[in-house]
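Here's the structure we're looking at; comments come further down.
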Amino acid sequence: MTTLTLGAAINAGLSKALETDDRVLLMGEDIGKLGGVFRVTDGLQQRFGAQRVVDTPLAEAGIVGTAVGLALRGYRPVVEIQFDGFVYPAFDQIVCQVAKLHYRSSGRIRMPLVIRIPWAGGVGAAEHHSESPEAYFVHTAGLRVVAASNPQDAYVMLRQAVASDDPVIFFEPKRLYHAKGEVDLEADLADAPPMHLARVAQEGTDATIVTYGAQVRTALDAALAAEDEGLSLEVIDLRSLSPIDMNTVAASVRKTGRVVVTHEAAREAGVGAELVASITEQCFEYLEAPPQRVTGHDIPYPPSKLEKHHVPDLDRILFAVDRVMERGTGSSAASAAAIEGGVR
Amino acid sequence: MTTLTLGAAINAGLSKALETDDRVLLMGEDIGKLGGVFRVTDGLQQRFGAQRVVDTPLAEAGIVGTAVGLALRGYRPVVEIQFDGFVYPAFDQIVCQVAKLHYRSSGRIRMPLVIRIPWAGGVGAAEHHSESPEAYFVHTAGLRVVAASNPQDAYVMLRQAVASDDPVIFFEPKRLYHAKGEVDLEADLADAPPMHLARVAQEGTDATIVTYGAQVRTALDAALAAEDEGLSLEVIDLRSLSPIDMNTVAASVRKTGRVVVTHEAAREAGVGAELVASITEQCFEYLEAPPQRVTGHDIPYPPSKLEKHHVPDLDRILFAVDRVMERGTGSSAASAAAIEGGVR
Amino acid sequence: MTYTQTSPDHGAAAHAGDVDDAARVLEPDGTRVPDAELDPWIADLSPHEMRALHRDMVLTRRLDAEGVALQRQGQLALWAPCRGQEAVQVGTAHALAPGDFVFPSYREHGVLLGRGAQPADYVLAWRGEEHSAYDHTTINAAPPQIIIGAQSLHATGWAMGAQRDGSTDVAVAYYGDGATSQGDVNEAMVFASSFRAPVVFVCSNNQWAISEPVTVQAKYPIAGRAPGFGIPSMRIDGNDALACVAAMRWALDRARRGEGPSFIEAVTYRMGPHTTSDDPTRYRDADEVEAWTRRDPIERLEAYLRAEGMLDDSGLDEVARAADALAADVRAACIGATTRDPATLFDHVYAEPHGPLERQKAEYVQYLAGFEK
Amino acid sequence: MTYTQTSPDHGAAAHAGDVDDAARVLEPDGTRVPDAELDPWIADLSPHEMRALHRDMVLTRRLDAEGVALQRQGQLALWAPCRGQEAVQVGTAHALAPGDFVFPSYREHGVLLGRGAQPADYVLAWRGEEHSAYDHTTINAAPPQIIIGAQSLHATGWAMGAQRDGSTDVAVAYYGDGATSQGDVNEAMVFASSFRAPVVFVCSNNQWAISEPVTVQAKYPIAGRAPGFGIPSMRIDGNDALACVAAMRWALDRARRGEGPSFIEAVTYRMGPHTTSDDPTRYRDADEVEAWTRRDPIERLEAYLRAEGMLDDSGLDEVARAADALAADVRAACIGATTRDPATLFDHVYAEPHGPLERQKAEYVQYLAGFEK
Ligand SMILES: Cc1ncc(C[n+]2csc(CCOP(=O)(O)OP(=O)(O)O)c2C)c(N)n1
Ligand SMILES: Cc1ncc(C[n+]2csc(CCOP(=O)(O)OP(=O)(O)O)c2C)c(N)n1
Ligand SMILES: [Mg+2]
Ligand SMILES: [Mg+2]
């Protein structure tokens, strides 16, 4: 076991992937000498050369489109989109080509492409640098979508994503890039839980919080605060957003009968909508209260001075927990405000 | 009242808008002399000139991006995207600029842009010509998204969309372009129901079908078939997909206690997910059975010879109705198969 | 000529649709004329090869007519005719090596023929049975691209891969005049130039993008764009098969020698409608079409071959028979096609196991089974 | 010079970063040199105007330094320094008429100054209080654009509107060398050319796109691209303020006379980091930066004005005081800024009433009120 930040864990995963398979190559803006604006590819160009760690022209459709061609030639490109808000110029190539080529060719073409996206807010960034576009990709058949919440998962899931013969959108919660954790760099990939499985991040019995990415931390903090109120919350880290591991989610909801879904992206037709719909369909008779969604508001991401009012925090999660517990709302939330300072 | 096809009703709406406001202009590929590949803009260039009905270069980002600039200069551009599958190159301009400029400028800039999209399948078209991308736009704050299901709505809502100071994604169900209906071309816009309201297309008491676009017809056919089974189905035509008129939806669900949501787009994180989630949140104690979603499968749109297995038809809707009615599934569906021939 | 100059002043005279100043070695009437840049590349072209070019053009035209007929008869949902564009399609494909890989648009029937497509390959997608009928590895051709221009980036990426493999394989992107307005096509030039990728861009300027004349996309000759990206270009008469072979050989040779991308603008004409759904009489003059019949690519090469004694009536008969045979095979492949089991709808969305989709499949199969009772 | 030729052979010698062959009227040491194409456009430039250019460049530099300082002190979240690029920003803005409209990127502080921005306008977005601080109608400038290249299309569309209005207003898009790789920027050239839109594209080739040298985007001078789209271009020394005024006047004049778009590549250098978050020592040599200090745009004009007796110590003192005063005002506007009420988060998502969002707002306001009890 090694202690690594989430960013360093991804770096280690990329390094291992480059080492293991010479058809793997990295492409992106500023990923070479600079090592990426978050230093996630630090040192890789120096080690593997400019043919395998490629600084591309500044054009996201171009990056993804040429990666499609490289995949057709037998390569396994790992593409970096510099920030979440810059993936949209590549949307056409992702939706019409990356996602569909396997289907369009009746399975003859494979698209083992990974698209890494530093993702979401809470870091005081400028406009377009704090987007949560995951629902767009979850709604797109043909893509797999994952989001790591800790260094160990980041390392393992990155390697699984690279090994997958399907295209994977790999979301990296940028406000956790510096969060540390233990990583087993030597473990056999075959022993690791498959990428598509969710993880019970904390067991509990009174209500379930389903979330992913950086919100997993916030949910765990909320569970801790709720303990003081005598509430036992189960926290599920989805890890895979498409497909969603409904077995794990439904098992938890059947146990607790109450569920709060939280994410940073807007609510309307977000991943939370899919979760609440699927939970309702599959666990209807177990639900003791309507599920609650705690999400970013249905607004564009706000200026950074106001982002703390947009990204759901501990209090907003607890407020929703109170509602699913059918308790007078606001009580535990207000009391939890005291410990909020330490959370983000 | 005049009898018009849905396509002709939109043509009439565009014509009226061009007539009424000289800041309105139309832009798109082949909309001039040809009158659009569906003839929706037929005769308009001849009547209003090439400065107001503009054949653009073949580049969707360019069309939408220049429309943004025209809006900044005080124009009200109505953009045509030739087919649903060709909107993705413009996705970046739509999501980062069209949807956000009003917010980004603290309300100083207005984006009175309409983006018309011939939409969805069932017409035997080639690849990329039968897409249902509405959920992407519904998930995007700052956009309004509407879908007409009949000539009267098409005419009125088009004019309301052009009059709106917000950007509107205007979906035109292409398999209904030739469907006829009565249109009141002279009615005062002020008397018409606002664009954001849903419509009870048929009243019923046993269960509610919520849908939009071309599926409204299929749902009405299903309701007719269900009558033979002694079932009274209420059909709601959403008309507006963002915002969704939950008042109308919830009122119906509170009445029937049972609901089927249907659309052609993929299920995962689609508009149906939002509907089921919102219905569950708002009508939990009224629900007598878990809501059912009847959607396109979570696959890319298939080759046209197979599309009848993808686009939800009467039978699949009735099958789901049986389930929400908690009746032995398959019975009414199988019996309804007899009348299916006349449906699509 | 190599396009090295795009002065706006010069350009003001030129017109994006002009064919007169495009390079050629055969005049419309089949007369052989010298061209210093093109001639070296076809000096060794044998009579046998020239006859093959002619034959493939005839086959392409016949096949194309069959596609139109099958659509009219309700056997195909749609067809995009390539009549008039046989020279650029066949000529450029002819110059390829087996290891090269083409990225065609929907209209490149002659390119597919040149790559060795089988009868069913031409029609199953247009019939709506499959999105892409052929195996890309068998004929080294990507699925036909409908998203205008997207394939230009795929070709560039494939070429970057070929370069990394140390091979001499070349990627070829085929697209139309309309496509040159798309961001993707321009980004492809940036990437190709930046990485010196062994890719050839073949732009068939057939004067129309559905109803829009090329002048909506470009005021000046399209070939003038590439040099600005550091990519040398040629502007050739796309109805002169020999010029098309020559230009393609020039471009392929550059690519194989590590000199990077090239651009070919082949000035040609779409004699038919955009697709069988289109009615070109709404937007273009009969005169224009009529004028282009006098530049027919097949008649041009035929006249030359006859004049040179390389082709006679019996040779022509043989070609006509081969063309009819191909058409018959295509027709048989089309009419004999059966629609696959709806359960296969759910296959190949993912290459690896996917539980939820497998459940959707099982449910749908079960649902369908309910009707069989 | 007007860029009319982009031969790949010629280009092989040229380099996208070369500044030596860019047109100028002031040598780096301030010596006035003739340039036949530029001279006529600045023949009437008065000493007063030249002093104003100098002054605005000094103000821009001071303001920029204040931005960096405010960021270091935690008052701003980020800042994108423009040091070294003052001549192209101030020079081109200087040539504008009030009715013209600029579409800047995030780095164009000198352009905003030229448009009459107020102190708070420079900093509130960087502080994270607003996405865009200024009123676009007051200074005729669109919100600063972060999505690289997107504004090139907006400028083109605005110009199409101005054209329809029969006005002589011109739109100006500002972007960097990196932006030229984006599809949008190329599509903007297609639309501008096709519609002869009165728009000027000003590309500040500052040699770097974050850590990528311009050669990743372009092998040959960027100015060579526009002519291929039918857009005349000039490649000028972007550190020569007089050349920048001249080129901009040339371009604006063309636009106002109905001759359509023009392209200006101003070869300059980003002296500082990409933003305050960047560490350029990781990717570029101190030597290179050092060499460019000797081409400083302010010193260059200053040397010329002094030599010509147009500026003396007291004039310089006065400018320095004005610069300090501006910096103080900017600092005060920044430090004095307050964060708005969180309830306003929900405002201006839509221009027209929106029930569901109003309910979200009401719920959130009520939720917040719960903490105040
Ligand atoms: C992204 C995209 N936009 C629009 C279309 C619709 N469309 C299909 S073909 C075509 C014209 C293409 O013209 P050109 O590139 O000249 O090729 P040609 O058809 O003449 O061979 C258009 C607009 C499309 N297929 N893809
Ligand atoms: C679409 C998009 N992709 C990536 C980025 C990240 N990014 C911000 S600035 C920049 C470099 C821009 O370089 P250039 O165009 O030369 O302008 P400069 O910063 O040098 O002024 C990049 C890659 C972005 N803002 N937008
Ligand atoms: Mg064409
Ligand atoms: Mg730059």
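Chains as they are written, first to last, in the working numbering: chain A, -4 to 339; chain B, -4 to 339; chain C, 145 to 517; chain D, 145 to 517. C-beta: ideal position from N, C-alpha, C; glycine also.
- C:Phe339 counts as buried, since at least 16 other C-beta atoms from the protein chains shown sit within 10 angstroms of its C-beta.
- Close partners of C:Leu489 in chain B (Cβ separation under 8 Å): His292, Ile294, Pro297, Leu301, His304 and His305.
- Within the DSSP secondary-structure output, A:Asp50 pairs in a beta bridge with A:Gly23.
- Sorting C:Ala353, C:Asp244, C:Leu222 and C:Glu252 by C-alpha distance to the C-alpha of B:Ala54 places C:Ala353 at the top.
- Annotation for B:Trp114: the continuous beta strand (DSSP E) segment containing it runs Val109 to Trp114.
- Taking a beta-carbon distance threshold of 8 Å, D:Glu496 does not count as an interface residue toward chain A.
- Contact annotation, A:Phe165 with A:Ile110: C-beta distance approximately 7 Å; criterion of less than 8 Å satisfied.
- By the neighbour-count criterion, in which 16 or more other beta carbons inside 10 Å mark a residue as buried, C:Thr412 falls on the buried side.
- Burial is judged here by how many other beta carbons sit within 10 angstroms of a residue's own beta carbon; A:Arg42 has fewer than 16 and is exposed.
- The three-state secondary structure of D:Thr282, taken from DSSP, is helix.
- In the three-state scheme derived from DSSP, where H, G and I count as helix and E and B as strand, D:Pro184 is classed as helix.
- The continuous stretches of beta strand (DSSP E) do not include D:Gln219, and DSSP gives it neither H nor E.
- Rounded to the nearest whole angstrom, the C-alpha separation of A:Leu215 and B:Leu96 is 36 Å.
- Within the region 265 to 310 of chain D, the complete alpha helix (DSSP H) segments at least 4 residues long are 280 to 283 and 294 to 308, listed from N- to C-terminus.
- The alpha-carbon separation between D:Leu386 and A:Ala120 amounts to approximately 37 Å.
- Of the residues assessed, C:Asn349 falls on the buried side of the cut-off, its CB having 16 or more other CB atoms within 10 angstroms.
- With a 10 Å radius around the Cβ and a threshold of 16 neighbouring Cβ atoms, D:Thr282 comes out exposed.
- If you draw a straight line from the Cα of C:Arg205 to the Cα of C:Thr359, it is about 27 Å long.
- Taken through DSSP and simplified to helix, strand or coil, C:Cys347 comes out as strand.
- Below 8 Å, enough C-beta pairs join the region 398 to 412 of chain C and the region 341 to 348 of chain C to call them touching: three or more.
- Taking 8 Å as the threshold, the shortest C-beta distance from C:Ala323 to chain B falls below it.
- Under the criterion of beta carbons closer than 8 Å, A:Gly27 and A:Val48 qualify as touching, at roughly 6 Å.
- Close to A:Asp50, with beta-carbon spacing below 7 Å, are these residues of chain D in chain order: Glu356 and Val360.
- Chain A has a Cβ within less than 8 Å of the Cβ of C:Glu331.
- In this structure, the straight-line span from the alpha carbon of B:Arg103 to that of D:His280 is close to 8 Å.
- B:Thr257 is bridged by DSSP to B:Val289.
- Within the region 171 to 254 of chain B, the runs of beta strand (DSSP E) at least 3 residues long that lie entirely inside it are, in chain order, 175 to 178, 194 to 197, 202 to 206, 228 to 232 and 235 to 237.
- Interface residue (Cβ-Cβ distance to chain B less than 8 Å): D:Arg308 is classified as such.
- By the CB criterion at 8 Å, A:Met320 and A:Arg234 fall outside the cutoff.
- When DSSP states are grouped into helix, strand and coil, D:Asp456 belongs to the coil group.
- An exposed status is given to D:Val177, since fewer than 16 other beta-carbon atoms sit within 10 Å of its beta-carbon.
- A straight-line Cα-Cα distance of about 9 Å links D:Leu240 and D:Val316.
- Residue side-chain check: B:Arg99 keeps its Cβ at 7 Å or more from all non-hydrogen atoms of ligand 2.
- When Cβ-Cβ separations below 8 Å define contact, C:Tyr448 makes no contact with chain D.
- Residues of chain A whose Cβ lies closer than 8 Å to the Cβ of D:Gly327 are, in chain order, Ala54, Ala56, Gly57 and Pro84.
- In summary, A:Thr15 is exposed, with fewer than 16 beta-carbon neighbours lying within 10 Å of its beta-carbon over all protein chains present.
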